[in-house]
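In the working numbering, the protein residues as written are 1428 to 1601.
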């Protein structure tokens, strides 16, 4: 399977991880009971998440867009209305899992990625767990965007562009 197909498959898996949990909760609760609905909800979240992560892990030639996808979808999950609004654990788990996977992919793409980049990404997951000061998803979205921007700036500040002797543009990693 080509890298493009793997990336498309990962996007489909991440999108289904946003939609399937709620569908599984409703079907499980309606057909059986709340406990089965919650179990089906977790299965509907983790199976596509793992499949999408595995697909991205198998991509040979990573782009920065591919590296950032898990964190973006984790942040998107955090911003969406909660199926169970009393438990912030799923938001924190989604953001942290996306941050871990994006960081691992960034290290694979560029081995000398600064290690501190993981800290703002992890802080966004911790913030999702402990809740925010502004009700609703606005504060979590803002924290996710700021953390992603800090990580992105950190990656690109470590790079310098120089003109090679033969006139081609090469990038040197600091």
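Ideal Cβ positions, reconstructed from N, Cα and C, are used throughout, including at glycine.
The beta carbon of residue 1503 is closer than 7 Å to those of 1445 in its chain, skipping five residues each way along the sequence. Three or more Cβ pairs closer than 8 Å define a contact, and the region 1518-1525 falls short of that threshold against the region 1452-1460. For the set 1573, 1440, 1443, 1447, the Cα lying nearest the Cα of residue 1465 is the one of 1447. If you look at residue 1505, you'll find it in the alpha helix (DSSP H) that goes 1491-1506.
With distances taken between CA atoms, residue 1450 lies nearest to 1469 out of 1469, 1434, 1543. The DSSP-derived three-state label of residue 1518 is helix. 1529 is the residue among 1535, 1551, 1467, 1529 whose C-alpha sits nearest the C-alpha of residue 1480.
At a Cβ-Cβ threshold of 9 Å, residue 1525 and residue 1497 count as neighbours. Cα atoms of residue 1483 and residue 1463: separation of roughly 30 Å, rounded to the nearest angstrom. A direct Cα-to-Cα measurement between residue 1499 and residue 1461 gives close to 30 Å. DSSP, read as helix, strand or coil, puts residue 1429 in coil.
When rounded, the separation of the alpha-carbon atoms in residue 1485 and residue 1544 is 23 Å.
Residue 1493 has its alpha-carbon roughly 7 Å from the corresponding atom of residue 1434.
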